[in-house]
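Residue numbers (the working numbering), protein chains in the order written: chain A, 71 to 421; chain B, 602 to 865.
Remarks on the structure that follows.
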């Protein structure tokens, strides 16, 4: 039996325009697992998180934590720690008091509380800031205090609702690593809601990709990225070239007049038009002699830092190619003809 | 440059409109002794036992009004903000009533209600207890306290703070007293001081209900003495200004909240 189970969860918002926010959500999370809910705004990820926390009640379905059915248990009795996007620190209390808040409610002895607060401050690396007030801290520090406050009560499940969205890029990266390190160390079951793929992919044991209230795919970051189950996942996670081609035979397609080999067997019949997908980083600028060769014209080159994105046009179709940045890189000129190559395994037939 | 000159002109004119009568009153109050500027009028006022009596009575009424108002209105405002946003309009409308309904109507209505046994027979008629006056004053204080609280609540993210507290195990009482009230400190104080100023100076209800309050006392003096009423007026003004001053002072400690306090 999983530690956290959501079974047939459905959430409708009533009223004149009935909206279904979450449809038939099923998930089993093991103890100590870090699971991300990934999707765009309005896909239902935050609503589901709030149902786990108890701030929303499911229209149908059950939620079980550690074997106990908590579907109708009020939020203050679930022992679930929550970290909000807006930090939600109590402005009139110092950092230490904020962290001790949950402990005070649980009526712990003051020596126990002091010890626990000390532990937490050390965990988040803010030992000297105990007597500061939230408005005296930076965003990243505030969020760390919010995390400490949620963890101090030793929650069964830790919920994070886009905790890093309000912070700038550099802090986001360092803080998310900290969060993951703390989570691993304490082995707390964690649900993390985000619309940022990088966060989801880099932090999670598993990712739940959601779209319009439905789960599109549940899998490890590797699986989600390399073996997307649905067109939505393929196009949402990472960048993807989506092309149309005609089926030649079980292992061949014709794309813009050029014949290409496909490793996975194609179910469609010859002559049918199929959607195919290729990741930009799977296409190489040089022709190795093996695999597929594709002739195209270079239309644009964009420098993205670590990656250089080359946009090419074959016939009427535009597609991207990603190559790692390298000062010694010899990039083709815009407007020139180039031959790019990719392995037959890189082609995914979407249907 | 011309613009500035005109602005200053209007400021000065406006100031004069207020300051001149005040100055005249203050000046008059200092002339109790013939030919000399003295504080004789003030001495007489402070020596009068009725002054202390009525002042203390109104003080008690004010404190009671503030306490009961806070306990009743703050949770209501909180709940409306949190769960019943549609009722906001209704509440705002309701809080305008005390400005619209004449005090006489209010007084007689309250007398009628309070002359009957209260709470379905549990309590005897509360007509001759302070409860009647406090209840009346609460109605008068309603606009100030409600609006002060509402503005204070809007400045803090009530929803998220409540949810954060809940996720940490807090019940409603804890949330109200440990999370909400402390963050409304300035707003509540400003509402309290406005109530205080209102109650201290209130005349109509106190005199209609025949209570020994400060307002009727001032009126009594005005009809029987010459210089003392001016002294009382100055004292009364000073009291109100002191209240506003304290609101500003307290508000200064929390920068955002000073603006809120000032808008009351």
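No residue lacks a Cβ here, since even glycine has one placed at the ideal position from N, Cα and C.
Where residue i sits in the DSSP three-state scheme
| i | result |
| --- | --- |
| residue 262 of chain A | strand |
| residue 861 of chain B | Caution is warranted here: a pLDDT of 41 is assigned to residue 861 of chain B, below 50, making its placement in the model unreliable, and the coordinate value is therefore given only provisionally. Here residue 861 of chain B sits in helix by DSSP. |
| residue 92 of chain A | strand |
| residue 738 of chain B | helix |
| residue 196 of chain A | coil |
| residue 151 of chain A | strand |
| residue 684 of chain B | coil |
| residue 856 of chain B | Its pLDDT being 47, under 50, residue 856 of chain B is placed unreliably in this model, and the coordinates cannot settle the point. |
| residue 662 of chain B | helix |
| residue 399 of chain A | coil |
| residue 254 of chain A | helix |
| residue 748 of chain B | helix |
| residue 300 of chain A | coil |
| residue 104 of chain A | strand |
| residue 179 of chain A | coil |
| residue 419 of chain A | strand |
| residue 406 of chain A | coil |
| residue 185 of chain A | helix |
| residue 160 of chain A | coil |
| residue 805 of chain B | helix |
| residue 377 of chain A | strand |
| residue 80 of chain A | strand |
| residue 267 of chain A | helix |
| residue 238 of chain A | coil |
| residue 284 of chain A | strand |
| residue 796 of chain B | helix |
| residue 309 of chain A | coil |
| residue 112 of chain A | coil |
| residue 87 of chain A | coil |
Candidates the options, of which the one nearest residue i by Cα
| i | options | result |
| --- | --- | --- |
| residue 282 of chain A | A/311, A/185, A/112 | A/112 |
| residue 352 of chain A | A/329, A/336, A/377 | A/377 |
| residue 752 of chain B | B/785, B/769, B/732 | B/785 |
| residue 340 of chain A | A/166, A/307, A/97, A/329 | A/329 |
| residue 82 of chain A | A/128, A/315, A/210, A/311 | A/128 |
| residue 160 of chain A | B/782, B/807, B/841 | B/782 |
| residue 841 of chain B | B/712, B/648, B/800 | B/800 |
| residue 397 of chain A | A/228, A/373, A/114, A/304 | A/373 |
| residue 698 of chain B | B/680, B/745, B/602, B/681 | B/745 |
| residue 832 of chain B | B/629, B/774, B/613, B/617 | B/629 |
| residue 291 of chain A | A/271, A/284, A/194 | A/271 |
| residue 741 of chain B | B/836, B/839, B/827, B/663 | B/663 |
| residue 205 of chain A | A/346, A/165, A/312 | A/165 |
| residue 713 of chain B | B/733, B/670, B/641 | B/733 |
| residue 624 of chain B | B/849, B/851, B/839 | B/839 |
| residue 705 of chain B | B/670, B/835, B/804 | B/804 |
| residue 660 of chain B | B/820, B/835, B/797, B/818 | B/797 |
| residue 384 of chain A | A/313, A/356, A/294 | A/313 |
CB contact flag (residue i, residue j, <8 angstroms)
| i | j | result |
| --- | --- | --- |
| residue 64 of chain A | residue 220 of chain A | No information on residue 64 of chain A is available, as it lies outside the stretch 71 to 421 that chain A covers here. |
| residue 776 of chain B | residue 766 of chain B | yes |
| residue 123 of chain A | residue 169 of chain A | no |
| residue 388 of chain A | residue 332 of chain A | no |
| residue 212 of chain A | residue 157 of chain A | yes |
| residue 414 of chain A | residue 361 of chain A | yes |
| residue 315 of chain A | residue 335 of chain A | no |
| residue 815 of chain B | residue 716 of chain B | no |
| residue 264 of chain A | residue 253 of chain A | no |
| residue 354 of chain A | residue 404 of chain A | no |
| residue 116 of chain A | residue 79 of chain A | no |
| residue 176 of chain A | residue 770 of chain B | yes |
| residue 708 of chain B | residue 809 of chain B | yes |
| residue 434 of chain A | residue 95 of chain A | Residue 434 of chain A falls outside the range modelled here, since chain A spans only 71 to 421, and no answer is possible. |
| residue 674 of chain B | residue 618 of chain B | no |
| residue 807 of chain B | residue 667 of chain B | no |
| residue 764 of chain B | residue 125 of chain A | yes |
| residue 813 of chain B | residue 647 of chain B | no |
| residue 304 of chain A | residue 420 of chain A | yes |
Interface residues of chain A facing residue i [CB-CB closer than 8 angstroms]
| i | result |
| --- | --- |
| residue 770 of chain B | 146, 147, 149, 172, 175, 176, 223 |
| residue 775 of chain B | 175 |
Beta-carbon neighbours of residue i, restricted to chain B and to distances below 9 angstroms
| i | result |
| --- | --- |
| residue 156 of chain A | 758, 761 |
Contacts that residue i makes with chain B (C-beta to C-beta distance below 7 angstroms)
| i | result |
| --- | --- |
| residue 123 of chain A | 768 |
Under 8 angstroms from the C-beta of residue i: neighbouring residues of chain B
| i | result |
| --- | --- |
| residue 161 of chain A | 757, 784 |
| residue 152 of chain A | 764, 765, 768 |
Listed by chain order, chain A residues near residue i by CB distance under 7 angstroms
| i | result |
| --- | --- |
| residue 780 of chain B | 160 |
Near-chain B residues of the stretch 198–221 of chain A - C-beta to any C-beta below 9 angstroms: Listed by position, the residues of the stretch 198–221 of chain A near chain B (Cβ gap below 9 angstroms) are 216, 219, 220.
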